[in-house]
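A short worksheet on the structure shown next.
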Amino acid sequence: MQVGYKLATEAFGPEDLVRQTVRAEQAGFDFVEMSDHFHPWLDVQGHSSFTWSVLGAMAARTERIGLATGVTCPMIRYHPAVIAQAAATVQILSGNRFTLGIGSGERLNEHVVGAGWPAVRKRHEMLREALEIIRLLWQGGYQSYDGRYLQLEDARLFDLPDQLPVIAVASGGHHASAIAADLGDGLFATEPRSDLVEAYTGAGGRGPRYAEVPMAWAADEDSAVQAALETSRWALTGWKVMSELPNPVNFDAASATVKPEDIRQQFSVGPDLDAHVQQAQPYVDAGFDHVVLQNTGPDPDGFLEVCERELVQRVRALTPSS
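Sequence positions in the sequence shown follow the UniProt record's numbering and run 1 to 322.
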């Protein structure tokens with residue numbers, strides 16, 4: 001079992017993200033994982049720096065801790081050739097500590113380039129082509145690709161690492177789990193769903209299985225609930241909403257009816273570490289072996305302190321329930 005720390009790129013500026021990464025390494029985390037957004041989910045979060053620049057600084061300031069995107073959409077806003085180049089560079093700079101988390105994206109970030117927002121079936125087809133292009137470029141040499149949606153013309157990556165990054169593909173359904181098994185090296189999810197893992201392993205997937213665990217640590221429960229309600233209530237809207245809304249103002253409206261009791265049902269809240277350990281257990285039971293602690297509480301440094309003292313070791317020691 002490996003334990004990761006989720007960096008809230010929408011809630012903190014780039015300097016603080018690097019500082020938290022250094023602190024997470026000191027606290028004993030195995031890896032950090034960060035989203036790749038153009039916009040925050042809510043205006044109140046107030047940030048959304050360029051993930052790939054921050055990753056370079058994180059690699060330079062740390063020695064041991066793994067780095068991962070959670071997740072990057074390698075088409076529409078980006079071309080997969082750019083992601084192949086960026087991931088290869090971070091892998092070199094980090095000394096082979098990088099995992100490329102890949103997903104089919106959200107309208108929130110991808111619509112900004114004016115290329116439209118395809119239906120989910122088309123996005124999955126585009127994701128397959130993007131992964132094929134990344135794999136092709138990582139073989140070395142000049143490569144071309146003529147897909148239904150994506151093209152590559154006579155391109156070569158001149159700086160390739162001696163060990164290619166792991167590609168973990170995000171899944172919210174069985175089709176995406178099959179893509180992860182076919183073209184990825186691992187699985188990425190945000191729900192404790194054993195069916196996603198079973199679909200992945202049933203399709204031949206044998207790699208690491210990442211999952212994010214929502215929690216809000218604070219010295220008292222009310223402060224934890226209030227912080228999660230203010231900055232992270234968007235997470236309760238569900239993936240079909242999260243993938244389709246275009247701007248933070250839309251998420252603000254969609255989540256306006258979320259109440260404190262709703263937060264308490266989805267997040268472990270407050271100072272009780274037993275509750276946070278119990279929050280992670282269903283993900284372990286579902287078959288995930290890389291558990292990411294996603295803290296939405298108001299005090300990240302306090303959370304990292306309790307992680308160093310106790311929480312990381314306790315989560316790492318979890319095994320599937322009988």
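Glycine included, each C-beta is placed from N, C-alpha and C at the ideal position.
These figures come from a predicted structure and were not determined experimentally.
Following the DSSP letters along the chain, one finds Asp182 in no beta strand (DSSP E) but inside the alpha helix (DSSP H) bounded by residues His174 to Leu183. By the Cβ test, the segment 205 to 213 is in contact with the segment 174 to 192, since at least three Cβ pairs between them sit closer than 8 Å. Pairing Pro161 with Leu55, the inter-Cα distance amounts to about 16 Å. In this structure, DSSP gives Asn295 an extended state, which the three-state scheme calls strand. Glu212 is bridged by DSSP to Val292. Around the C-beta of Asn96, fewer than 16 other C-beta atoms lie within 10 Å, and the residue is accordingly described as exposed. Proximity to Asp195 across Arg206, Ser177, Gly204 and Ala181 peaks at Ser177, based on C-alpha coordinates. According to DSSP, residue pairing for Lys6 in a beta bridge involves Glu33. In this structure, DSSP gives Tyr149 a state outside helix and strand, which the three-state scheme calls coil. The DSSP assignment places complete beta strand (DSSP E) segments of no fewer than 3 residues inside the segment 33 to 113 at 66 to 69 and 98 to 102, in order along the chain. Residue pairing for Gly186: DSSP places it in a beta bridge opposite Ala168. If the five residues before and after Gln45 are omitted, its C-beta is found closer than 7 Å to the C-beta atoms of Glu10, Ala11 and Thr231, all from its own chain and listed in chain order. In the three-state reduction of the DSSP assignment, Ala155 falls in the strand class, which pools E and B. Taking a 10 Å sphere around the C-beta of Thr319, we find fewer than 16 other C-beta atoms and assign the residue as exposed. DSSP, read as helix, strand or coil, puts Ser223 in helix.
Out of Lys122, His124, Tyr149 and Val166, the CA that lies nearest to the CA of Arg135 is found in Val166. For the options Leu93, Trp41 and Ala81, the alpha carbon positioned closest to that of Asn109 is the one of Trp41.
Per DSSP, Phe251 is one residue of the alpha helix (DSSP H) stretching across Pro248 to Ala254.
In terms of CA proximity to Ile179, Gly205 leads the group Arg233, Asp154, Gly205 and Ala119.
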